[in-house]
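Enquirer: Residue numbering for the sequence shown follows numbering that gives the first Met the number 0, beginning at 0 and increasing consecutively.
Glycine included, C-beta positions come from ideal geometry on N, C-alpha and C.
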Amino acid sequence: MKIAQAAVLTTAALIGSADAISIKSLFQHDVKNQQPAPDASAVAAEPPHAATPHELEQLAVADGADRELALANEDGAERDLQSNCYQGQAGSTTYRQPAAAWHPTYSQGWAGGECRYTVDCNSPAYSTQLQCCRGAYAGQTSGYCVSKLPSPPTTSPTNSGGLDVYYPDYSTDWTNAYCKNEYPMPNGWPTYSTMLACCKGAYGGQATGKCLSMLPSPPTTSPTNSAFETDFYYPVYEVDFGNSGCSNKLPLPYRNKNDRPFYDTMLACCKGAYAGQTSGVCLSQLPSPPSTSPTGSGGMDFYYADRDTDYQFATCKNDRPVPYLPGARREFASMLECCKANYGSQQSGACLSQLPSPPTQNPTNSAGAGATGWYPDRGATTCSLNGNTNEKGYPTKMACCSNYYGWQSNQQCFCEADPCYSCQCSGASVAGACPALTCTP
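Structure (structure tokens):
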């Protein structure tokens, strides 16, 4: 209160006693035994009062205290803004202040970014400035971050002579490029454990031999394992499917090994990547190619319909390689099952005639029902050999479907008689399933 009164006295010297007394009265409200405020005439009669040196000194002290309080409030506000950087409450056992570390300075942009030793909760922390430059600015071609090191290297810092991996230099034209282990390493480029492995993998066909010439002990000729071959085989997608095959030649026509499927043997690659290749080009490139498509014991262990031949002359096969992608056609345990399911209405009997012991007429079920033809099955809305024999029968399932189920919009009966009857048949739109049809998947 005394400090406040001193401020009033000083103010009175500047603005006059009348106003000063009015201001002073504001600070008298808590004084014991308050006196009534003087009337206006008495105030006007009171002479002006100048502040004494003691009062001025008290005012200066008050002003300093106010400044300290303002600074304390400002510091507290700043701590409030940074409260997310700390853990626990101040003074508690769980309170923890973040330690200073090396942090990237993202506000300076990529090319001009550097690492600083500070407390920062919004960027990764590193124990050394070098680790920070390597971790946060590994691809910084300007080298600005490493240039701020206490003893910056003449080139980008490395371990013992460079990185512990090598990568191809895609920034240089292929004939003059070679493998490097310089820091920083570009993002997304393939790496190799040795320079020789890099040269063989990325520049195997380099006629200039530039990459190999940069080896510590360059060979007089290009080194190979077996004419620049890898220990795996990959499909050659650069050639159209019908004329392509598998290769193990270097350099790879792609960057990384896992970018394409790879196989331990060429045969495994042909079977896996070109199983539906009717031309047999891939298999013909085997060291000892088979005279026909390789099979197990006389063929595959299942049968499939021959969609590449006209329906009346087609049959079921178990030849390798299968001329379709996995899942594109139904497969059957026996040739008889395949013929009955796919060529039940085949008037020529071509499929059944290829059986090891072909029947004299179309096979029937074990009871011999329906041996004279195909009859409508009203419950299944299709034709079968076990249909209603009280109705007229037909020699083929297709003829039965035409007579009894021509009204079907989904063509169920027709598709059962011939899976490639139309594009409405299940699986007919699968690529390669029905070559005679032009269906939209």
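1. Check whether the Cβ atoms of Leu162 and Met184 lie closer than 8 Å to each other.
2. For Cys132 and Gly138, what's the separation of their Cα atoms in angstroms?
3. If Cys315 and Met334 are in contact, beta carbons under 8 Å, what's the gap, nearest whole angstrom?
4. To which residues does DSSP link Glu228 through a beta bridge?
5. Would you check if the segment 319-328 and the segment 258-275 touch, i.e. whether three or more CB-CB distances between them fall below 8 Å?
6. Look at the alpha carbon of Ser383 and the alpha carbon of Arg306, and state the distance between them as a whole number of angstroms.
7. Leaving aside the five residues before and after Tyr403 along the sequence, list all residues of the same chain whose C-beta is less than 6 Å from its C-beta, in chain order.
8. Can you give me the start and stop residues for the alpha helix (DSSP H) that Arg259 sits inside?
9. Using the C-alpha atoms, what's the distance from Gly372 back to Ala398?
10. On the criterion of 16 or more Cβ atoms from any shown chain inside 10 Å, does Gly392 qualify as buried, or is it exposed?
11. My guess is that Gln345 and Gln311 are in contact by the Cβ rule of under 8 Å, so how many angstroms apart are they, rounded?
12. Touch check for the segment 207-216 and the segment 249-259: three-plus C-beta pairs under 8 Å?
13. Pick out whichever of Asp119, Tyr169, Gly111 has its Cα sitting closest to the Cα of Ser141.
14. In its own chain, which residues sit with a C-beta less than 6 Å from the C-beta of Cys337, not counting the 5 before and 5 after it?
15. Could you tell me which whole alpha helix (DSSP H) segments of length 4 or greater appear in the segment 107-180?
16. Give the range of the beta strand (DSSP E) segment to which Cys382 is assigned.
17. Figure out for me which residue from Thr395, Asp172, Cys424, Asp168 has the closest Cα to the Cα of Lys339.
18. Helix, strand or coil, according to DSSP, for Lys391 in the structure here?
19. Would a C-beta distance cut-off of 8 Å place Asn242 and Val280 closer than the cut-off?
20. Quick check: the Cα distance between Asn121 and Ser150, rounded to an integer number of angstroms?
21. Whole-angstrom Cβ separation of Gly244 and Gln205, contact assumed at under 8 Å?
22. Kindly indicate which three-state DSSP category Cys198 falls into: helix, strand or coil?
23. Going by the CB atoms, is the gap between Thr264 and Tyr232 shorter than 8 Å?
24. Taking Cβ positions, are Cys178 and Tyr169 nearer each other than 8 Å?
25. Within its chain, find whatever has a CB closer than 7 Å to the CB of Tyr420; leave out the 5 residues flanking it on each side and keep chain order.
26. Out of Glu113, Val429, Gln96, which has the shortest C-alpha to C-alpha gap to Thr104?
27. In the DSSP assignment, the beta strand (DSSP E) including Tyr403 goes from what residue to what residue?
28. Let me check understanding here. Comparing Cα to Cα, which of Ala98, Ala100, Arg115 lies closest to Ser106?
29. Return the Cβ separation of Val257 and Ala304 in integer angstroms, given the expectation that the two are a contact with Cβ distance under 8 Å.
30. Could you tell me the distance, in whole angstroms, from the CA atom of Cys434 to the CA atom of Lys270?
31. Assuming Ala332 is part of the alpha helix (DSSP H), what are its boundary residues?
32. So is Arg328 buried or exposed if we call it buried at 16+ other beta carbons inside 10 Å?
33. With 16 other CB atoms within 10 Å as the buried threshold, where does Gly108 fall?
34. Could you spell out where the alpha helix (DSSP H) holding Ala100 opens and where it closes?
35. Once DSSP output is grouped into helix, strand and coil, what is the label at Glu412?
36. Which one of Thr117, His102, Val164 has the shortest CA to CA distance from Tyr136?
Expert: Well, looking at it:
1. yes
2. 10 Å
3. 5 Å
4. Lys248
5. yes
6. 23 Å
7. Pro375
8. Counting along the chain, Arg259 falls outside any alpha helix (DSSP H), and DSSP gives it neither H nor E.
9. 10 Å
10. buried
11. 6 Å
12. no
13. Gly111
14. Tyr302, Cys315, Phe331
15. 128-135, 143-146
16. 381-383
17. Thr395
18. coil
19. yes
20. 28 Å
21. Their Cβ separation, rounded to whole angstroms, is 24 Å, which puts Gly244 and Gln205 out of contact at 8 Å.
22. helix
23. yes
24. no
25. Gln410, Phe413, Cys414
26. Glu113
27. That residue, Tyr403, is in no beta strand (DSSP E); its alpha helix (DSSP H) goes 396-403.
28. Arg115
29. The sequence given here has Asn at residue 257, not Val. Not really, about 37 Å apart at Cβ, beyond 8 Å.
30. Looking at the sequence shown, residue 434 is not Cys but Pro. Approximately 22 Å between the Cα atoms of the pair.
31. Premise fails: Ala332 is in no alpha helix (DSSP H) and is neither H nor E.
32. buried
33. exposed
34. Note, Ala100: premise wrong, no alpha helix (DSSP H); beta strand (DSSP E) at 100-103.
35. Residue identity check: residue 412 is Cys in the sequence provided, not Glu. Helix, per DSSP.
36. His102
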